[in-house]
Every structure is written in C-alpha cells, then in structure tokens.
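FYI, the working numbering numbers position 188 of the sequence shown as 188, with every residue one higher than the one before it.
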Amino acid sequence: MTHSPVAGSVTVRVPAKVNVQLGVGGRRPDGFHDLANVFFAVALGDQVTAAPAEEGVTLSCAGPDADQVPLDDSNLAARAARLLAAHHGVEPRVHLHIAKDIPVAGGMAGGSADGAAALVACDALWELKTPLPVLLELAAELGSDVPFALLGGVALGRGRGELLEPLPVSGAFHWVFAVADGGLSTPAVFAECDRLREAAGTGSADTDVPTPDADPALLAALATGDPAALAAALGNDLEAAALSLRPALADTLRAGTAAGALGALVSGSGPTCAFLAADAESAAAIATALAASGTCRTARATYGPVPGAEVLPE
Ligand code: ATP
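Below, the structure is given as structure tokens:
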C-alpha cells in the first residue's frame, strides 16, 4: 500500500530495541517477572504518521510484515491515541499510518515502538504539549517496553522494565539483526523460561531466583564505547527458552559468529538474533554472510544508540 502524507499530518520516527542484558528474576505472585533490562535503541525503526480525521481512530500499515499487524483497536498505536485523548478529555480523531520496518513479534518491541510514536504524533497533531513525564506514565500504562521507545539511547529498565534510568554511552556500536520467519510469543517464552527452571530443579518463583541486577562490566563497556568488552558481557536469560522453542536459532547464532561477529544473542524474547560487530564494514560483511547462510529470512546491518520517538521535519 502506498501512502502520501496529508496536509497538517505529523510523522514520527521511532527506534527498535535490542536488550544487551536481559536478566530475568523469578515469577512474582502477580505473574510478572522482575527484570534487569538494559535497552539499546538502534537505527532500524518504524515511522508513524498521524493525519487529521473527521471521526475516530483508523489505521493503515505498509511494509514487509504489514499483513501480521492488527488494524483493529488492539493495535498499540490505536490504543496510545485513545489513551492520550482520554487523558486530555478530547475526542480521538486521527488516521494513523504505520510504515513498518521493525520485524513483527521479533523481540525488538515493534508494537511498543508504534505505541510510543503514536503518543508523540497525536500529541503534536492535537497540539496538547503533554510534558514528557506524563507521556512516560501513559506509555507505561500501554506496556512495559513503551517508555523506552520514547526515551531511546541506552537505559536500564527495572521492575517489569518500565522504571527507566538512562545510561552513559560513548560512540556508536554496530549491529546486525537476523530476522527469522514467523514470530515468537513473548508470554510463551517467559512460560518456557519458568518451565526450564522448574525442570532444572532451581525453581521458578521470585523466592527461588535471585533478583537480577545490571552487570557492572556491561555498564563499563557501554560507557567506554568498547565493542569487544560489550560483546563479552552480552546476556539474555530468555535465550535458552527461545532456543528451546526454536532450536534452529542456534544455527543462526553460529552463522553470525562464524562470519566475524564479536558477540551474538537472541534479541529479547526472539526470534530475531542480534550480532555485535567491530565496525560498520564488519557489520555489512556479517549481514551479507548471514543472508547467504540460509539460517534467516533477512539480515540487516544498523547501528546505535539513537534517540527515542521524534517528530520528523515536514
Ligand atoms: P517485545 O520485544 O516487546 O516482546 P515483539 O517485538 O516480540 O515485542 P511486536 O512486534 O511488538 O513483538 O508484536 C507482538 C504482537 O503485538 C503482534 O503479534 C501483534 O499481534 C501485536 N501488535 C499490536 N500492535 C502492534 C503494532 N503496532 N505492530 C506490530 N504488532 C502489534
């Protein structure tokens, strides 16, 4: 589907994320897990355009995975528009177009990114001037990964991931993302993580598993801009569960490492795999090798950190 911008519309660019550390605590009595989650925003992203409309919230979507994006009220962008309107007591009148480049159900928080982008786009379209702390609260109501998509950069998320502390970073890091065919359900991956912990005899409740914390070596690697040190510190407690549900991902991880990646891990709940490269040239070569390996649908070279959701100039 093509889309031409409508007069008076607002377009927001929003990044995908990779978790350079995802420490998962035990299951809490409310069913959630405490996380020590280091989010990293990458240049691969979506664009959400908010255009004036006569009535209600309508949606359209374009991009390679567009057929997998729900266009009803369950879409996080539509929910964000309605939530912002309700908060200000205004009528939600907007058409939202999502130019989707973030893999769907890929562990890169694409839906959350669109929710954050819709908050920023509707705020500008409706001239509401909502302060950032309020936008962050509304974002947390939409989902635990939404506040980070507003902030961007690199941040430590605690609780369910929604309590954010920006982290210092030097320079740029170069990444490759190997996109798999088909998604993985985040709740199913957490459930598999619990099941594996039970099977290993460690237990899966929050009383059984130590509360995770950020790895000081990882924080130092980010602060000094050292890709080799960051690669050595990458960690994802959901990786074993994602590999258990999708064993073929082990081949993807091996192919990227064999092609020269400094480090490799499953991104969030997967199935996208993330590879840290020494520089932009190496990232391009790893992407080419992964695409030819037959172990993924596509491979994309990119970099980060980049800012969170921001309005593009007209
Ligand atoms: P996370 O990394 O936060 O677990 P994810 O990247 O694995 O998320 P999403 O791309 O956010 O997964 O999609 C998860 C599900 O959310 C989709 O299968 C889809 O049904 C639903 N969804 C709701 N809104 C959107 C949206 N704007 N874009 C994509 N999926 C959406």
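Quick reminder that beta carbons are idealized off the backbone N, C-alpha and C, glycines included.
Values in this document were obtained by computation on a predicted structure and should not be read as measured data.
When the options are compared against residue i, the one with the closest alpha-carbon
i, options, result
"A232", "A118, P216, D65 and A205", "P216"
"T298", "A80, D101 and R13", "D101"
"R195", "L219, R93, A285 and A242", "A242"
"L249", "G152, A259, P271 and L119", "P271"
"W126", "V104, F173 and A81", "A81"
"V20", "D65, D114 and L167", "L167"
"R160", "A291, D65 and D30", "D30"
"D67", "V209, A86, G89 and I98", "I98"
"T211", "L230, A178 and D237", "D237"
"C296", "C273, D279 and P307", "C273"
"V179", "R28, D251, A191 and E141", "D251"
"A321", "F190, G171, L218 and P307", "The structure shown has nothing for residue 321, since the chain only spans 1 to 314."
"V69", "H88, G89 and D46", "D46"
"H87", "A7, V134 and P103", "V134"
"S185", "D34, V104 and T202", "V104"
Rounded separation between residue i and residue j - CA only
i, j, result
"V14", "N75", "16 Å"
"S269", "L136", "23 Å"
"S204", "E314", "50 Å"
"T2", "T207", "Here T2 scores only 45 on pLDDT, less than 50, and its place in the model is too uncertain to base an answer on."
"L253", "P227", "18 Å"
"G26", "S9", "45 Å"
"G111", "H95", "17 Å"
"V12", "L245", "35 Å"
"A149", "A117", "8 Å"
"A121", "A199", "46 Å"
"V311", "L151", "13 Å"
"A289", "G256", "8 Å"
"L22", "S144", "14 Å"
"G260", "A78", "41 Å"
"A278", "F173", "8 Å"
"C193", "V24", "9 Å"
"I286", "F275", "8 Å"
"E54", "T302", "39 Å"
"L218", "K129", "36 Å"
"D181", "A36", "28 Å"
"E239", "R158", "19 Å"
"D73", "R28", "29 Å"
"C61", "A113", "14 Å"
8 Å contact criterion, which residue i and residue j should meet: CB distance rounded
i, j, result
"L164", "P147", "6 Å"
"V42", "G304", "4 Å"
"V169", "A109", "That pair is no contact at about 19 Å."
"D123", "L84", "6 Å"
"K17", "F40", "6 Å"
"V38", "V154", "7 Å"
"G176", "A292", "A small fix is needed here, since residue 176 is Val in this sequence, not Gly. 13 Å between Cβ atoms; not a contact."
"G183", "G106", "6 Å"
"A221", "A214", "At roughly 12 Å, the Cβ-Cβ gap does not stay under 8 Å, so A221 and A214 are not in contact."
"G115", "L132", "16 Å between Cβ atoms; not a contact."
"L119", "A139", "6 Å"
Reduced DSSP category for residue i - H, G, I as helix; E, B as strand; rest coil
i, result
"G8", "coil"
"R246", "coil"
"E91", "coil"
"V306", "coil"
"T252", "helix"
"T2", "With a pLDDT of only 45 at T2, under 50, the local geometry of the prediction cannot be trusted, and no value is derived from it."
"L59", "strand"
"V134", "helix"
"D315", "As displayed, the chain neither begins before 1 nor continues past 314, which places residue 315 out of reach and without an answer."
"R195", "helix"
"C122", "helix"
"A155", "strand"
"A81", "helix"
"E54", "coil"
"G115", "helix"
"P216", "helix"
"V209", "coil"
"V146", "helix"
"V24", "strand"
"E165", "strand"
"V189", "helix"
"G110", "helix"
"A264", "strand"
"D101", "coil"
"P227", "helix"
For this session: Inspect the CB distances between the segment 258-265 and the segment 46-58 and report whether three or more fall short of 8 Å.
Result: Counting Cβ pairs under 8 Å, fewer than three are found: no touch.
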